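Q: Chains as they are written, first to last, in this note's numbering: chain A, 3 to 179; chain B, 3 to 179.
The beta carbon of each residue, even a glycine, is placed where N, CA and C say it ideally should be.
Just so it is clear, the structure is predicted and the values come from calculations on it, not from any experiment.
Pasting a structure here, questions to come.
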DNA sequence: ACGGTCATGTAACTCGTTACATGATTTC
DNA sequence: GAAATCATGTAACGAGTTACATGACCGT
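This is how it looks when you write it as structure tokens:
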């Protein structure tokens, strides 16, 4: 199962939603950590329905706008849980683009490298702030593992920031060419 | 430019190589950190040649086997450096699958969660060992930023391992449902 | 009446993985 | 002469992004 489908099923485990709502859900909830586009959402919802994992309840609605609300089915819940379990087994190879950049950085000149590291540093700090802000606002009412997402996110961001700072310092000292 | 192309150009910055060799290069060098398949390599090499970024030197060779050795061109080098610079600017959103799993983990039961965390922990420890082994063998003759790849890799792996250990402990204590 | 945002969708495209096909050359 | 590995490729597929098209409703 694709990650988009898995994510959608997960969202629907929480509550029935329509496509547009799912987009917002992923923007507000994990925010920086996970995203999903309409181009993935709507086709995925259709396929999930074909597979009987979700069920559509059209709401033509007198009041609000017409929308298609999906809810997860019993077999959808099972599929969700099984997929979650199975995907974790094969230790996912993380394709971290920055590792690739780093790997070839010896071919660049010192000035360029310093700028790249700096901009990366700024980016990470910015994201860390967003996470902290999000935590301040929502932590009280978040379920356990959603707090862990934030905690772990902060940890990795802090690790990266510290590595970037160290590297910058070493470049300054001439330790790194 | 696709990451495959960028990676190939980077490899050819080091020395001229043929397709098969590039595969080995990425397996041995960044190893756990970056991979690339034949299905990406050969078509990419053709496209890069069309674009004038690499040049093929067929070696029909009396001795060895017939192979097609590619070397990077001047404009290839420029393209490589520019792409490296530009890609870093837009702070890459890291699609870390485990974050998604974590985000939905409240829907699973404690036993399953414990097993998932454990297997993730084992996987990370295994990779850390590989990195350390690689470091022991090659560190002496690695260029600066390739050492940094290892150093940073170790840092992030250690961070993840420590987070996983903590979480396991908390599950045991009943701190996490 | 007009811009914003709610809401659903599709088409074209790029990227990457997997599996297969083919054959030459070493090695045992 | 059989198995392993060297070497190059292609076809089919699956996933995801981007950009576009469409229209309804809402506030001002």
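Give the DSSP-derived three-state secondary structure of residue 38 of chain A in the structure shown.
A: coil
Q: Is there a C-beta anywhere in chain B that falls below 7 Å from the one on residue 108 of chain A?
A: yes
Q: Could you compute how far the alpha carbon of residue 46 of chain B sits from the alpha carbon of residue 132 of chain B?
A: 29 Å
Q: Here's the rule I'm using: 16 or more other beta-carbon atoms within 10 Å means buried, otherwise exposed. How should residue 160 of chain B be labelled?
A: exposed
Q: Kindly list the residues whose CB is nearer than 6 Å to the CB of residue 162 of chain A, restricted to its own chain and excluding five residues on each side of it in sequence; keep chain order.
A: 126
Q: Taking Cβ positions only, does residue 27 of chain A come closer than 7 Å to chain B?
A: For residue 27 of chain A, the answer is no, since every Cβ of chain B falls outside 7 Å of its Cβ.
Q: Taking the continuous beta strand (DSSP E) assigned at residue 120 of chain A, which residues delimit it?
A: First-last for residue 120 of chain A: 112-140, but that is the alpha helix (DSSP H), not the beta strand (DSSP E).
Q: For the region 3-13 of chain B against the region 94-114 of chain A, do three or more pairs of beta-carbon atoms, one drawn from each stretch, fall closer than 8 Å, so that the two count as touching?
A: yes
Q: Tell me the residue span of the beta strand (DSSP E) that contains residue 60 of chain B.
A: In the DSSP assignment, residue 60 of chain B falls within the unbroken beta strand (DSSP E) covering 56-61.
Q: Below 8 Å, can you find three or more Cβ-Cβ pairs linking the region 43-60 of chain B to the region 76-95 of chain B?
A: yes
Q: State the Cα-Cα distance for the pair residue 113 of chain B and residue 164 of chain B, rounded to the nearest angstrom.
A: 20 Å
Q: Consult DSSP for residue 19 of chain B and reduce its assignment to one of helix, strand or coil.
A: strand
Q: Put residue 92 of chain B into one of helix, strand or coil per three-state DSSP.
A: coil
Q: Could you name the residues of the region 5-26 of chain B whose beta carbon sits closer than 9 Å to any beta carbon of chain A, in the order they occur along the chain?
A: Within the region 5-26 of chain B, the residues whose Cβ lies closer than 9 Å to some Cβ of chain A are 5, 8, 9, 11, 12, 13, 15 and 16, listed in chain order.
Q: With a threshold of 7 Å between beta-carbons, can residue 102 of chain B be considered close to chain A, or not?
A: Yes, its Cβ sits closer than 7 Å to a Cβ of chain A.
Q: State the DSSP-derived secondary structure class of residue 73 of chain B, mapped to helix, strand or coil.
A: In this structure, DSSP gives residue 73 of chain B an extended state, which the three-state scheme calls strand.
Q: Could you name the residues of the region 138-150 of chain B whose beta carbon sits closer than 9 Å to any beta carbon of chain A, in the order they occur along the chain?
A: When C-beta distances to chain A are compared with 9 Å, the residues of the region 138-150 of chain B below that value are 145, 146, 147, 148 and 150, in chain order.
Q: Tell me which same chain residues have a C-beta within less than 6 Å of the C-beta of residue 3 of chain B, skipping the five on either side of it?
A: 85
Q: Please classify residue 67 of chain A as buried or exposed, where buried requires at least 16 neighbouring CB atoms within 10 angstroms.
A: Exposed, by the Cβ-count rule.
Q: Does chain A have any CB closer than 7 Å to the CB of residue 187 of chain B?
A: Past the boundaries of the shown model lies residue 187 of chain B; chain B is included only from 3 to 179, so the question cannot be answered.
Q: Of all the CB atoms in chain A, is at least one closer than 7 Å to the CB of residue 75 of chain B?
A: False, the Cβ-Cβ gap to chain A never drops below 7 Å.
Q: Determine the chain B residues that contact residue 135 of chain A at a beta-carbon separation under 7 Å, and present them in chain order.
A: Neighbours of residue 135 of chain A on chain B: none; closest Cβ ~17 Å, over 7 Å.
Q: Is DSSP giving residue 53 of chain B helix, strand or coil here?
A: coil
Q: Roughly how far, in whole angstroms, is the beta-carbon of residue 14 of chain B from the beta-carbon of residue 74 of chain B, given that I think they are within contact range, below 8 Å?
A: 4 Å
Q: Terminal residues of the continuous alpha helix (DSSP H) containing residue 166 of chain A?
A: 146-175
Q: How about residue 173 of chain B and residue 97 of chain B: do their beta carbons lie closer than 7 Å?
A: no
Q: Check whether the Cβ of residue 3 of chain A lies closer than 7 Å to any Cβ atom in chain B.
A: no
Q: Below 7 Å CB to CB, which residues in the same chain sit around residue 137 of chain B once its five sequence neighbours on both sides are set aside?
A: 152
Q: Among the candidates B:50, B:61 and B:166, whose CA atom is the shortest distance from the CA of residue 121 of chain B?
A: B:166
Q: Using only the alpha-carbon positions, how far apart do residue 59 of chain B and residue 87 of chain B sit?
A: So the alpha carbons of these two residues sit roughly 29 Å apart.
Q: For chain B, check one thing: does any of its Cβ atoms lie closer than 7 Å to the Cβ of residue 86 of chain A?
A: yes
Q: Output needed for residue 141 of chain B: all residues of its chain with C-beta closer than 8 Å, excluding positions within five of it in sequence on either side, in chain order.
A: If we look at residue 141 of chain B and ignore the five residues flanking it on each side, its Cβ neighbours are 149 and 152.
Q: Using the C-alpha atoms, what's the distance from residue 76 of chain A back to residue 17 of chain A?
A: 14 Å
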